[in-house]
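Read through the structure below, which is laid out as structure tokens, and then see the notes.
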Amino acid sequence: MEKRNMKRSLLISLSVLLYMANLPAKAQYVLNEADEQYRLFNYIKAIDLYEQAYKKKNTLHAAERLAQGYNFTRNYVQAESWFAVAANMPESRPEHVLGYARSLVNNSKYGEARQQFQRYIELKGNVSQRQKDLWLQSCDSAVKWMQYPVAVQIHNVKVLNSVQSDWGAVTFDGGVTFSSDRGNNAEDQIKGGRPFLKFDSGKRPDRTVYGWTGNQYLRLYQQLSSKDTVALFPFHAGTNYHVGAASFTGDGCEMYFTLTRIPEKLDYGKERLATVNVETYSSKRSAEGNTWEQPRSLKFNNPNAYSVGDPMISKDGKTLYFVSNMPGGKGGTDIYTTVKDASGEWSAPVNLTAINTEGNERSPFVDEAGILFFSSDGYAGMGGLDIFRFAGSGNTSVNLGYPVNSAQDDFAYTINSVTKGYLSSNRTGGLGSDDIYSFTRKIIQALSLEGKIFNKKTGLPLASAMATLKTRSGNILKVQTDESGYYSFKIEQDTLYDVIAEKTNFRSADTSFVTKVSLVKDFYLTPIEINKTVRLENIYYDFDKWNIRPDAAVELDKLVKILKDNPTIWIELGSHTDSRGNDAYNMALSQKRAESAVQYIISRGIDTNRITAQGYGESQLLNQCSNGVKCSAADHQLNRRTEFKIVKQ
Numbered sequence: 113m114e115k116r117n118m119k120r121s122l123l124i125s126l127s128v129l130l131y132m133a134n135l136p137a138k139a140q141y142v143l144n145e146a147d148e149q150y151r152l153f154n155y156i157k158a159i160d161l162y163e164q165a166y167k168k169k170n171t172l173h174a175a176e177r178l179a180q181g182y183n184f185t186r187n188y189v190q191a192e193s194w195f196a197v198a199a200n201m202p203e204s205r206p207e208h209v210l211g212y213a214r215s216l217v218n219n220s221k222y223g224e225a226r227q228q229f230q231r232y233i234e235l236k237g238n239v240s241q242r243q244k245d246l247w248l249q250s251c252d253s254a255v256k257w258m259q260y261p262v263a264v265q266i267h268n269v270k271v272l273n274s275v276q277s278d279w280g281a282v283t284f285d286g287g288v289t290f291s292s293d294r295g296n297n298a299e300d301q302i303k304g305g306r307p308f309l310k311f312d313s314g315k316r317p318d319r320t321v322y323g324w325t326g327n328q329y330l331r332l333y334q335q336l337s338s339k340d341t342v343a344l345f346p347f348h349a350g351t352n353y354h355v356g357a358a359s360f361t362g363d364g365c366e367m368y369f370t371l372t373r374i375p376e377k378l379d380y381g382k383e384r385l386a387t388v389n390v391e392t393y394s395s396k397r398s399a400e401g402n403t404w405e406q407p408r409s410l411k412f413n414n415p416n417a418y419s420v421g422d423p424m425i426s427k428d429g430k431t432l433y434f435v436s437n438m439p440g441g442k443g444g445t446d447i448y449t450t451v452k453d454a455s456g457e458w459s460a461p462v463n464l465t466a467i468n469t470e471g472n473e474r475s476p477f478v479d480e481a482g483i484l485f486f487s488s489d490g491y492a493g494m495g496g497l498d499i500f501r502f503a504g505s506g507n508t509s510v511n512l513g514y515p516v517n518s519a520q521d522d523f524a525y526t527i528n529s530v531t532k533g534y535l536s537s538n539r540t541g542g543l544g545s546d547d548i549y550s551f552t553r554k555i556i557q558a559l560s561l562e563g564k565i566f567n568k569k570t571g572l573p574l575a576s577a578m579a580t581l582k583t584r585s586g587n588i589l590k591v592q593t594d595e596s597g598y599y600s601f602k603i604e605q606d607t608l609y610d611v612i613a614e615k616t617n618f619r620s621a622d623t624s625f626v627t628k629v630s631l632v633k634d635f636y637l638t639p640i641e642i643n644k645t646v647r648l649e650n651i652y653y654d655f656d657k658w659n660i661r662p663d664a665a666v667e668l669d670k671l672v673k674i675l676k677d678n679p680t681i682w683i684e685l686g687s688h689t690d691s692r693g694n695d696a697y698n699m700a701l702s703q704k705r706a707e708s709a710v711q712y713i714i715s716r717g718i719d720t721n722r723i724t725a726q727g728y729g730e731s732q733l734l735n736q737c738s739n740g741v742k743c744s745a746a747d748h749q750l751n752r753r754t755e756f757k758i759v760k761q
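Be aware that the sequence shown starts at 113, since it is given in the working numbering, and climbs by one per residue.
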């Protein structure tokens, strides 16, 4: 009996050992299958497999792929969670921290995002100043935009939206036409969805389900003005795959839209993987108005090489705007324009270089005043794609602010009257993935800002001084004062403004305000005096340390602003200690503190040639508290100081 029990125990133990030995093989099989689905851009399937693999073994590879997969399908809450896991693993890389920062932005956690961007900058080391400024400015601006929203009302158009992706609404025939991947079953649970400019497959794809999102392919839908129901747009694009949002001429007789199709000759390569790019087509309406002609491909389509999408046709049908990643662009996707000649041929596309960035520009729209609206992730914004406007003639691209923009993607902005229009967004609180929103702009009351600029030392007015008016959305106006120092601007009600007064050889002054009524604001500018010492208040260091504390950083940022507002001045930053301690040691400590402060200022974008560090130790005491003299803590504190003086302008 005992022998039989021993045998049975041995068999059980052996079975357990064999099973345990097989676990790594099973885990590797799941991971390999997840990698294959990820490679084929089937992210919904890949996410499920990576979660299984991570439960079996906590690897950086699985955590990273889960973060990316959730990000691609725009589940930003889960993306943040998994990027946090990846970024804090011992073997993590700087790009995981960057992904974490971006996911925090997508969840409106701008303070935490700013910290992670700074962490990435320190880890990476060679980030361009433009990119640093873009990330940090975006976090700072987003907070201010949310504090001071623009006068726009945003409403979810529930009659148009489903639990899938709905976007690109335009008015047509008294109703609304848009694109959606809702398919035949609008009750399907949302799994993601996005109007991407391409889709990928390792084999000829399924003709009903898009592997990236797990939803059906995009189709055109319409809501008639007389009904609250939505139906397929009565038009067949000639493809079983994506059909993107449409744009119509003013008379409604011609339509431009995007589609994806599988070319007859498609090279899948050694990896059995091919990219199918988006194309733009046009179709004319029949004379009867109830059918559309066979779609025609635009001559600059090249689906084997690049995408041509997001078309916007002018009302007269003679100017077309579109988006492409064709060679020769500035960034990911750029906005192009082309003009139709007398023979009906389109001109060679022209890149709108004044607008395009190293990022992605999308969904152009031009209103009746000729103002171009577009979406971009290449400017300072709230997160994802933000909506901007560009009026031409040297103007800058201006962010439309909050609540037009959100922490997620905001795009497909169109105007159908002076104050009303549509936009699309996957912002928090929507019904599905991308939702269609209507907006109503408030009629703004015109106000005025006026005042004078004076010399603070003499009290006399300053002629030819410069007054600059900035909105938090980036719009900038400048005016010079007259002989009496007078300036004036027209301003709008309920808008946040920054005003800067400046003149050569004077320190600039500024203020911020939200307009409720017309304002009078005078400025007093301090003359710049060479070698005059100015004390920086509240610059404190820990005992025997020289690193910059957060409270000191706030004060040093004020000096950074002075340097940026007065780009011709050069300064010396000096650090002083009290008399306690060895003289030589105090001299060395003060030099380290001065250098630390200078390095901080340089890290904020100031040219290294414009600032020098000088430690003075206890050589320039402000009172009698020298070596051996008994003094109070307050007396010693007076001597511990950081100062700057202008040495050149």
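For every residue, glycine included, the Cβ atom is placed at its ideal position computed from N, Cα and C.
By DSSP, does residue i sit in helix, in strand, or in coil?
i, result
"T720", "helix"
"A343", "strand"
"Q276", "coil"
"N528", "coil"
"D630", "Going by the sequence as given, residue 630 is Ser instead of Asp. S630 falls in the coil class under three-state DSSP."
"M494", "coil"
"I425", "strand"
"H688", "strand"
"G740", "coil"
"V390", "coil"
"Y653", "coil"
"D522", "strand"
"Q230", "helix"
"F618", "strand"
"V478", "strand"
"Q328", "strand"
"S313", "No answer about S313 holds up, because its pLDDT of 42 lies below 50 and its placement is not dependable."
"K157", "helix"
"L559", "strand"
"W194", "helix"
"I642", "coil"
Among the options, whose alpha-carbon lies nearest the alpha-carbon of residue i?
i, options, result
"L172", "N698, L750, E203, Y433", "E203"
"V189", "I718, D663, R539, E473", "R539"
"K582", "T450, V626, A575", "V626"
"V462", "S436, G482, S455", "S436"
"Y525", "S550, A519, V510", "S550"
"A613", "E641, I651, K568, R647", "K568"
"T580", "V516, G490, T593, E641", "T593"
"I603", "A558, K564, S475", "A558"
"Y222", "S240, D252, F347, K339", "D252"
"F290", "K673, Y534, K615", "Y534"
"N519", "N268, N219, R205, T185", "Checking the sequence shown, residue 519 turns out to be Ala, not Asn. Among N268, N219, R205, T185, the Cα nearest to that of A519 is on N219."
"N678", "R619, G280, T469", "R619"
Would a C-beta distance cut-off of 9 angstroms place residue i and residue j closer than the cut-off?
i, j, result
"N751", "H688", "yes"
"M438", "V420", "yes"
"L608", "S630", "no"
"L330", "S292", "yes"
"G88", "D422", "No information on residue 88 is available, as it lies outside the stretch 113 to 761 that the chain covers here."
"L685", "V710", "yes"
"D278", "S536", "yes"
"D285", "G364", "yes"
"S394", "R373", "no"
"K644", "I758", "yes"
"I681", "K760", "yes"
"V142", "A179", "no"
"K411", "E366", "no"
"G495", "A198", "no"
"Y232", "V209", "yes"
"A577", "G597", "yes"
"V390", "H354", "yes"
"Y155", "A174", "no"
Please look up how many angstroms separate the CB atoms of residue i and residue j, rounded, as I've assumed it's under 8 angstroms.
i, j, result
"E764", "S691", "As shown, the chain starts at 113 and ends at 761. That puts residue 764 outside it, with no answer to give."
"F434", "Y448", "6 angstroms"
"G181", "Y150", "7 angstroms"
"Y636", "W257", "Wrong, their Cβ atoms sit about 30 angstroms apart, outside the cutoff."
"V510", "F500", "6 angstroms"
"Q335", "V271", "6 angstroms"
For the stretch 240-286, which segments carrying the alpha helix (DSSP H) assignment without a break, of at least 4 residues, lie completely within its bounds, in sequence order?
241-259
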